[in-house]
Structure formats: structure tokens, C-alpha cells
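Student: First, the structure itself, so that you have it in front of you.
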Amino acid sequence: EYKRKYREHVVQEFLRYKEVNSCLGENVSTSSRYTDLTITRKPWSKHRDEHEAADTGHTSNGPATSVVTARTLFKPNEDGQTPQVVVLVGAPGMGKTMTVRKMMVEWVEGTLCAQFDLVFCINCKDIALTKEASVVDLVSKFCPHRQTPVGQILDDQKKILFIFDGFETLGFSLAQPEEELSSDPREVKPLETTLQSLLKKTVLPESSLLITTRPMGLQSLGRCLEGECYAEILGFSAAKREEYFHRYFESDDKADTAFRFARGNEILYSLCTIPILSWTICTILEQELCKQKNLMECSKAATRMSMFYLSWLTTRGGKDNPQDLQRFLHKLCSLAADGIWKHKVLFEEKEIKNRGLDQPDLLPLFLNEKTSRKGVDHGNIYSFIHLHLQEFFAAMFYVLEDDEKAGADSRALAKDVNVLLENYSESRKDLASTVRFLFGLVSQKSIEYADKTMGCRISPRAREDLLRWLQERHRGNSQPGQALKVSELDTFHFLFEMNEKSFAQSALGCFTAIDLQDVRLTLSDQMALSFCIRQWVGLGRVALQGCSFHQQDPREESAASWQRELQSPIHLLCRALGHPGSNLQVLR
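End of the sequence shown sits at 588 in UniProt numbering; the numbers just go up one at a time, nothing left out.
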């Protein structure tokens, strides 16, 4: 009877949940929203491989790695061994809590973890202020009824699964002496001792455990656990990114439109690997669709999405002391920029400490933490969750107002936007995304958004440098006596990222022609080009030689639906060229 009541309680707690942006009383179904993540299972090594995939910040998959799902975490492995303790690792926003929520729902439905009669999910944030507790206290705290038959519940240990979600928030070292540990589930001890007793199996040794944590929590857990199995969330695969969009939007048409927009932008599509960024992008695109806007003209590019994500992160840390957050962001952006200049995505613990970034409340929000391949004694290795996010913070370094109280940092790069732009023009084409983010950050909307939501002051001073650079870089491409022409496609992307009509008009005002050769224009390219043509009053000549217009990989969707929306591959360009203010004389 009690088990039945408990399952009813789990349904109430986990079947639906409230999203950050949802209205009062508007809850989302866990089952309808959850999308399977790529999860790899591997034995943990104190000497983990520190090589990372630079584009995502994920650990490389060695030969011992196998892909699992939430449904198979407690299934026997290749050796036929059923894990009793599973540690699920993932960066912030990777979907750890959502995975736990889905597991609870499927346990009630009988489709997952059916070997357990009772599954107790303990959110570590909810017990962080608890000084002392027994195992019985913890169980009672999360049970719905006053008269919980805890004794009977704990009798059959093999049938119990404890889930500890967000273990790193407790900040425990788990280094209590063995003699301090408890073997009696009713014995009240300091919370850290009670939890270490469960982990060390001195109490309820036959029960099973699932622990979710950010990478920062692995070191203390590694000292405490034995025979555990580690699984790491790597995010959404390509197919699951599209599935998530369809789960988010109630309408298939809206989902298709939004996904096409994200798919057409290389940076956005890459960021969609991270679940919280998929949610961020869907949330913003939903707002655009509600305004009945055509997403082909949507101005919410990669910078805005990244700022929305940064705003989400700052709500999870720094609320108590915004000034500390500001100082931390300055140091973080300096680290990101230094890494981009040096082609560096991995940072040693010594560098983190030297820059004053070793702040436990903030550091894990922004950087992944891994144990060095050289061993624990050599400190940890840190990386940004995604290379594009490192590029975003690197761009922010150049425009974030200096904190007067922070003092000068001798290690910091010079905040000279012109040096960045000159290097990009001459040889460093790998700086393209950083320069693009730079344009987006100094837009008036970005400046206002950063100040309003995070209290970050972005300086508009770089705007003049950006304008001058755009005007001067194309002058050298035009022959004396000929019309001044724009022949670099990236110019249109930079102006589209900023998305300010007046700035685009100023930047393009001295040019009268477009000359593109041998360019394959993606949907994202076409959107940027079309935006600029609309603002370009003096455009008299367009020459496209050996160029091709691409919309989407035909394998990914039906050509018919795409043709209905865009009519032809050059529909966006034609519409832009035919705008009422056009002075076009020559089209080749």
C-alpha cells in the first residue's frame, strides 16, 4: 500500500516540471520534452586522457567506451556485471537533472529500473543546509507521508535505488576517517559522514546508487567509491537535435522552420549539441515566430543566443554578489582570449589559480574540469564547454568595461580591437567567429541586454574601429577609377550579426558594387547578404561569378515543403534586390 502511495507521489513530483520561461501554472510534460542524449560508459581512471575534441570540449572516446542510454545505465555491461553504483557526469546544462526526471517517470511506468521496488531521488541542493541526518531521515524527508514504514522499506536493500542529483553542490571532500562511518541507517551523523557511509557501502551495502555531478565533483567521489561505473553525457547527436526541436514546438511546421534556421547557421547548429543551448535557441525562435516574423529575416543571431545562455548561467551563480561576478567575468574573458590567440582549448590548474579564477561557486558554471593525464598530483585540466563559447568570451574581452577595483592584470592581453582585426585580415582566418561575435556584442540591443539582465557594461567605443576597418579592408580590392566593391562574404555576416540598419548603411555607404566569385552560398550566407542589400542605398552593381545557392541537404527534408516556403534557390536574393529603395543598375 505504501509503495503505491509513493509511486503516486513520484508522478506528482516528476511527471511535469516548470521551465524557466514558462508562465504561472504552465508546466511541461517530462515525457513529451525529454530527448535521448548521447551517453558513454567507461571505467574511470585516475589518469584520464586529457585530449579533447576542440569543437565541443568533450573527452575523446577510448576503446573502453560504450554508448548507453538512461534506460541501460543499470543493465549488465560487456562482462555481464551489473553496476551497483553509477556516476553520471556532465557539464552545466547537459541534461543531468532532466535525465533523472525521465528515469523517475519511467520507473513509475514500469519501463525502467523495474528491478527496484523503491527509487529515492534526492536533490542535493535541498539538503545542502542540513547539518546532521541519518539515512532514515533522508528517506523520510523525501517521502510524502508522515507515517512512513522506513524499517520495512530498508529491509530489502537490493530493491532500493538512491539517486543523488547535483552532488557537486554539497562541496564535500568525502575524506572522513573509516572509523567515523556508520553501519546503522538510524544513526544520526554529520551529513557528509552519512553520505560517505552510503557511498562506501558501510550502511545498506546492497542498495544501488546513481550520482549525477559536474566534472568538478569527480575527484572527491573517486577517492570514496569502489567498483563504480562512470557515464558521461556528451549532448545531442545530429538526429536528436532535430528531434528536440520537434518536441519543443507543438507545431511540426514551426519546428521545421526553426530547425532550418538553426541548421543554416553553422555556429548555432554546433551549439545545439548542448541541451540548454538547444532550449535557449528554441525559446528565442519561438518568440520570433509568435511575432509572425519570417525567420529568414530573423535578427537573433549567435551573439544573442550566447548572451541569453550567459544570462541563464549568471542566475545560477553570482546573485549574492554581482560585483564578484563582474570581476570573475573579466578574468574569464581574458583567459578565453589568450587561449584563442594561442590556439589553446585546455588550461592547467596553475593558470586558473594565477588568474584568480579558482572560485568554487562560479568556475564550474563556465569551465569543464578534468583530471590531468599525468595524475591528480599535477592538478586538473580545464576547458570551455564549447569552442564557440570560448570564442564568444574572447570577443567579450575586447568590449567589456574594465572594473576599476580589479586592478591591472600583468598577464592580460592588450584590449586593442585593431590588433585582432588586422591579424584576422592578414592571416588568422580562425578568428572569424570571434570577430563575428565582436560585431554582435557592440550592437545597441546587446549593450542594453547585457546591462539589464546581468549588470555587464559593454563599451560602444569599438564600433568606430569596426566601421573604419570594414570600410578600409575593401578599398584595396577595387581598381583605381572603378566603383568601390565588396568582395568578401564575411563582411555581410559581420553586419548581419550586429543587425543595425544605420551601422550597415554607414559601413556600405562608400561602396557601389558586390563582386563574389566561386562562393557556395548557404542559407545563412543568403540571409546575411539579403539583409545588407536591403540597407544598401548606393548598390548599383551585383556580379556573381561561379557562385551556387544552397538551401538544405535534400536528404534531411522533403524538397516539396522547402520549395513551398522559398519558391526557388535565389528567392531571398531576388526579394532583397527588388526592395522599394533599390538603385540596382547591373546584375550579372
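For glycine and all other residues, C-beta sits at the position ideal for the given N, C-alpha and C.
(1) Buried or exposed: residue 179, going by 16 or more other Cβ atoms within 10 Å of its Cβ?
(2) For residue 76, is the classification buried or exposed, using 16 other Cβ atoms within 10 angstroms of its Cβ as the cut-off for buried?
(3) Going by beta carbon distance, what residues of the same chain come within less than 8 angstroms of residue 391, once the five residues before and after it are set aside?
(4) In the DSSP assignment, find the unbroken beta strand (DSSP E) run with residue 230 in it and report its ends.
(5) Indicate whether residue 100 and residue 163 have their beta-carbon atoms separated by less than 8 angstroms.
(6) To which residues does DSSP link residue 574 through a beta bridge?
(7) Could you check what DSSP says for residue 359 in three-state terms: helix, strand or coil?
(8) Quick check on DSSP: helix, strand or coil for residue 354?
(9) By Cβ distance below 7 angstroms, which residues in the same chain neighbour residue 45 in space, the five residues on each side in sequence not counted?
(10) For the candidate residues 549, 536 and 1, whose alpha-carbon lies nearest to that of residue 523?
(11) Considering only DSSP beta bridges, list what residue 485 is partnered with.
(12) Would you mind working out which of 367, 324, 534 and 484 sits nearest residue 94, comparing C-alpha positions?
(13) Any chance the stretch 243 to 258 sits against the stretch 209 to 224, with 3 or more Cβ pairs inside 8 angstroms?
(14) With distances taken between CB atoms, is the gap from residue 268 to residue 281 smaller than 8 angstroms?
(15) Please state whether the Cβ-Cβ distance between residue 511 and residue 486 is less than 8 angstroms.
(16) Straight-line CA distance for residue 172 to residue 29?
(17) What's the C-alpha gap between residue 150 and residue 397?
(18) Among residues of its own chain, excluding the 5 on either side of residue 507, which ones have a beta-carbon nearer than 7 angstroms to its beta-carbon?
(19) Express the C-alpha separation of residue 218 and residue 355 in angstroms, rounding to a whole number.
(20) For residue 534 and residue 513, which I take to be in contact (beta-carbon distance under 8 angstroms), what is that distance rounded to the nearest angstrom?
(21) Using a Cβ-Cβ cutoff of less than 8 angstroms, which residues in the same chain neighbour residue 462 once the five nearest sequence positions on both sides are dropped?
(22) Please report how far the alpha carbon of residue 133 lies from the alpha carbon of residue 207, in whole angstroms.
(23) Using a Cβ-Cβ cutoff of less than 6 angstroms, which residues in the same chain neighbour residue 526 once the five nearest sequence positions on both sides are dropped?
(24) Three Cβ pairs or more, each shorter than 8 angstroms: is that satisfied between the stretch 452 to 461 and the stretch 322 to 333?
(25) In this structure, how does DSSP classify residue 545 when only helix, strand and coil are distinguished?
(26) May I have the straight-line CA-CA distance separating residue 260 from residue 82, to the nearest angstrom?
(27) Taking DSSP as the reference, what is the three-state secondary structure of residue 142?
(28) Going residue by residue through the stretch 374 to 399, where are the continuous beta strand (DSSP E) segments of at least 3 residues, counting only ones entirely within it?
(29) Can you look up residue 165 in the DSSP assignment and give me helix, strand or coil?
(30) Quick check: residue 87 and residue 228, are their CB atoms within less than 8 angstroms of each other?
(31) Are the CB atoms of residue 539 and residue 584 nearer to each other than 8 angstroms?
(32) Give every residue of the same chain whose Cβ lies closer than 6 angstroms to the Cβ of residue 145, excluding the five residues on either side of it in the sequence, and list them in chain order.
(33) With distance defined between alpha-carbon atoms, name the residue in 73, 200 and 205 nearest to residue 37.
(34) Going along the chain, which residues of its own chain have a beta-carbon closer than 6 angstroms to the beta-carbon of residue 586, five neighbours each way excluded?
(35) What is the DSSP secondary structure of residue 120, reduced to helix, strand or coil?
(36) Relative to the C-alpha of residue 543, which candidate in 40, 393 and 588 has its C-alpha closest?
Tutor: The short version:
(1) So residue 179 ends up on the exposed side.
(2) Its Cβ having fewer than 16 others within 10 Å, residue 76 is exposed.
(3) Once the five neighbours on either side are set aside, the close Cβ partners of residue 391 are 336, 340, 433, 434 and 437.
(4) Taken as a continuous stretch (DSSP letters only), the beta strand (DSSP E) holding residue 230 covers 229 to 235.
(5) Yes; because the gap between Cβ atoms is below 8 angstroms, this pair is in contact.
(6) Looking at the DSSP assignment, residue 574 forms no beta bridge with any residue, so it has no partner.
(7) Three-state DSSP puts residue 359 in coil, outside helix and strand.
(8) The three-state secondary structure of residue 354, taken from DSSP, is helix.
(9) A caution first: residue 45 carries a pLDDT of 46, below 50, which makes its placement in the model unreliable, though a value can still be read off. Within the same chain, residue 45 has no close Cβ partners at all.
(10) The shortest C-alpha separation from residue 523 is found at 549.
(11) Beta-bridge pairing links residue 485 to 513.
(12) Looking at the Cα atoms, 367 is the closest of the given residues.
(13) Output reads no: the stretch 209 to 224 does not touch the stretch 243 to 258.
(14) Contact flag set, yes.
(15) At a Cβ-Cβ threshold of 8 angstroms, residue 511 and residue 486 count as neighbours.
(16) Going by the C-alpha atoms only, they are around 33 angstroms apart.
(17) Computed Cα separation, rounded: 55 angstroms.
(18) Excluding residues within five positions, the ones whose Cβ falls inside 7 angstroms are 467, 470, 471 and 495.
(19) Each residue's alpha carbon lies about 23 angstroms from the other.
(20) 16 angstroms between Cβ atoms; not a contact.
(21) Within the same chain, residue 462 has close Cβ partners 398, 399, 417, 438 and 442.
(22) Looking at the two C-alpha atoms, the distance is approximately 18 angstroms.
(23) Result list for residue 526: 572, in chain order.
(24) Contact between the stretch 452 to 461 and the stretch 322 to 333 is present, because at least three Cβ pairs lie under 8 angstroms.
(25) Of the three classes helix, strand and coil, the one that applies to residue 545 here is strand, per DSSP.
(26) For residue 260 and residue 82, the gap between their C-alpha atoms comes out near 42 angstroms.
(27) Secondary structure at residue 142: coil, using DSSP grouped into helix, strand and coil.
(28) Counting only runs of at least 3 residues, the stretch 374 to 399 fully encloses the following beta strand (DSSP E) elements, listed from N- to C-terminal order: 380 to 384.
(29) In the structure shown, residue 165 sits in a strand (DSSP, three-state: E or B).
(30) Yes, these two residues count as a Cβ contact at 8 angstroms.
(31) The Cβ atoms of residue 539 and residue 584 sit closer than 8 angstroms to each other.
(32) Cβ within range, chain order: n/a, list empty.
(33) Among 73, 200 and 205, the Cα nearest to that of residue 37 is on 73.
(34) Close CB contacts of residue 586 within its chain, under the 6 angstroms cut and outside five residues either way in sequence, are with 541 (chain order).
(35) Correct three-state label for residue 120: strand.
(36) Taking the Cα of residue 543 as reference, the smallest distance to any Cα among 40, 393 and 588 is reached at 588.
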